[in-house]
Every structure is written in structure tokens, then in C-alpha cells.
Amino acid sequence: MRYHFLTLFFVFMQMINIHNNLSITLDGQTIATVKRSDFTATVFEGLVVDEEKFNAFVDKIEQQVNKEPINATIDLHGRLVPEQFGYTLNRKSFIEAFYSYFFDDAPAEIEVPRIITYPKVDSELLLNIRTKQVGQYITYFNKFNKQRSHNISLAVDAINNHVVFPGETFSFNNVVGNRTIEKGYLPAPIIVRGELTDGIGGGICQVSSTLFNAVDQVGLEIVQRYSHSRRVRYVPPGRDATVSWYGPDFKFKNNFNQPILIQARTYGGSVIIRVFSSETFIKP
1251 MRYHFLTLFF
1261 VFMQMINIHN
1271 NLSITLDGQT
1281 IATVKRSDFT
1291 ATVFEGLVVD
1301 EEKFNAFVDK
1311 IEQQVNKEPI
1321 NATIDLHGRL
1331 VPEQFGYTLN
1341 RKSFIEAFYS
1351 YFFDDAPAEI
1361 EVPRIITYPK
1371 VDSELLLNIR
1381 TKQVGQYITY
1391 FNKFNKQRSH
1401 NISLAVDAIN
1411 NHVVFPGETF
1421 SFNNVVGNRT
1431 IEKGYLPAPI
1441 IVRGELTDGI
1451 GGGICQVSST
1461 LFNAVDQVGL
1471 EIVQRYSHSR
1481 RVRYVPPGRD
1491 ATVSWYGPDF
1501 KFKNNFNQPI
1511 LIQARTYGGS
1521 VIIRVFSSET
1531 FIKP
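Per the numbering used here, the very first residue in the sequence shown carries number 1251; after that it's consecutive.
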């Protein structure tokens, strides 16, 4: 009888509380409002949290909260752009706060608990490794070929300000990503089996080839490089590096004990890639 009374009392209290709202806030702004009934399931005459619904809700909150950190960079005028911290949801603390609300009898508010995430490249590191230019290479293109020029600029922007740490391997395909219309790439001539044909992203091999010559000049370890099936005009014979999303990649490894910084830009009809490091960097 006593057990039955306690069970009924527990159910009664939960029925009272089930409609109390919970506000989820982030930096003082409400990002979600829920109530207990959104996540309840009945088990043995009692109400419990429906784990499947609750986990889906936490995943949604996590998507709203998580923010990737942003590395420090150098702008086109040579000025330092400081890094920005990122955030991830403190999932454990959030779940604990929600369960306290679920079994409490008062309306509640949870300020989303977050964990700060730090960028890989901060201002101090960047200022240290931009002090010494250790390599440079320049190639030229027809700036009046608008579509090819556009593709070159996109790929140059993708590798600009990239830092390669000691022991790390740089992959052109991984850093630049897939060359698609959705990412802004346009049709332009590419070489396929020795013949010219239009392809999305045509022209970016000039960027990978310029990069190859810049880092090879430094003495960085070339891990993977392939030449085109016919000669290209922007580099000397045998000094090109063809890339394709589903095919060849250009990779090099930083085999030195100091990070290196890639600075890349287009100017008029030229691709300019410079490689920087710290004052203690010694070329072989």
C-alpha cells in the first residue's frame, strides 16, 4: 500500500511539472524552449526521459553551439588578423542540468555550458614564423581568361596563410577541397590524356605547380607529385604538379623542426607563392 501511494505521488508530481517550460539560452538569448512532455515516456506507471528524443535534442543544441576556432592570418596588406576562439557544447554539464530540470517542480532556464576551443595558429606563432622568407616562386597566366583566372584565385585563397607544422604532410586536395560549381569553380580547359577539354576548376594545376616549385626550393620533402600528360607553359618542362579530386594529388612534408607559412596571392596575371618560417629556420 505504501509503495503504491509513493508511486501515485511520484506520477502526480510529474504530471504537475510536465508542462513547465525550460528555456535554453546562449549568451543571454533564448535558442530553444521545451517542456518535459517533449521528452517523456511512461515506464511502470512512472514518467522517464525518452533517451532517443533527448539525444536528438542535444545533438540539435550542439549544432547551434559549436563554433570552429579561426586561425590568425595575414591580410593582403601584411597586417595581422588575430585568431578567434571556438566553442563546443559541454555535453556532460548540459545533460546534468537538464535532468535537474526534468525532476524539479519549477520552471527553469539553462545557459548552455560551453568549452572553449583554441585555434591551431595563434597570433604569437604567426608573428614568429612570418619573419624569414625561405622560398618564393612566381608563374604567369592570361588574366583575360576570366573563368580560368577565377579558378586560380579560388585555389590561391584556399592555400593562403596555411601553416604546416614539423612532421606534418600538406595535401593540396585536402586543403583546397573538391572543385565544384557549388564552391564557385567554373569550367575551364584541363588536360585529360594529353588532350585539352573543359572541366570544372580548370587552371588550378597552375597553383599546385607554383606551390611545388616554391616548397621544393625550400628543401621540403616532396611526398607525391605527378606531371601532366602534356607540357604546360607556365613552368619549365618536368616542373609541374597536376592535381585532380579523384586522381593525382600534390603532397609535401615539413621535414624541418620549424613550422612554415604559405603566403599565396594573385597579382595581375601572376601567381605569387612565398614560404616563410622563423629566424631559426635553416635551409639544407
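Quick reminder that beta carbons are idealized off the backbone N, C-alpha and C, glycines included.
For V1414, the enclosing beta strand (DSSP E) begins and ends at H1412 to V1414.
Around the beta carbon of N1504, 16 or more other beta carbons lie within 10 angstroms, which makes this residue buried.
DSSP places I1440 in the strand class (E or B) of the three-state scheme. In the three-state scheme derived from DSSP, where H, G and I count as helix and E and B as strand, K1285 is classed as strand.
Sequence-distant Cβ neighbours of A1514 in its own chain, meaning closer than 6 angstroms and more than five residues away, are V1406, I1409, N1410 and I1523. Counted as a single uninterrupted DSSP element, the alpha helix (DSSP H) harbouring I1379 occupies residues S1373 to I1379. Just measuring C-alpha positions, the residue of F1391, N1401 and V1473 sitting nearest G1449 is N1401. Each residue's CA atom was taken as its position, placing L1511 and Y1351 some 49 angstroms apart. Ranking E1333, V1426, I1532 and S1403 by CA distance to the CA of V1521 puts S1403 first. Here A1322 is buried. Its C-beta has 16 or more other C-beta atoms within 10 Å. Around the CB of L1375, 16 or more other CB atoms lie within 10 Å, so the residue is classed as buried. Here D1499 is actually not in contact with F1415; their C-beta atoms are around 19 angstroms apart, not less than 8 angstroms. Taking C-alpha positions only, V1473 is separated from I1311 by approximately 41 angstroms. In terms of Cβ geometry, N1305 and V1284 do not form a close pair [threshold 9 angstroms].
Taking C-alpha positions only, Y1390 is separated from I1320 by approximately 31 angstroms. Taking a contact as a CB-CB distance under 8 angstroms, the pair E1333 and P1369 counts as one, their CB atoms being some 4 angstroms apart.
N1271 carries a strand assignment under DSSP once its states are collapsed to helix, strand and coil.
Look at F1391 here: in three-state DSSP terms it is coil, with no helix or strand label. Here I1431 carries a coil assignment [DSSP, helix/strand/coil]. In this structure, F1462 sits near A1491, with a CB-CB distance shorter than 9 angstroms. By a beta-carbon distance limit of 8 angstroms, V1525 contacts V1465. Their separation comes to about 6 angstroms. A straight line joining the alpha-carbon of S1479 with that of G1452 spans about 15 angstroms. Under the three-state reduction of DSSP, I1409 is assigned to helix.
Linking K1382 to Q1467 through their CA atoms gives a straight-line distance of about 15 angstroms. The beta carbons of Y1337 and I1360 sit about 16 angstroms from each other, so the pair does not count as a contact at 8 angstroms. Excluding sequence positions up to five before and after R1481, its CB lies within less than 7 angstroms of the CB of P1487, all in the same chain and listed in chain order. In this structure, K1501 lies near T1419, with their beta-carbon atoms less than 9 angstroms apart.
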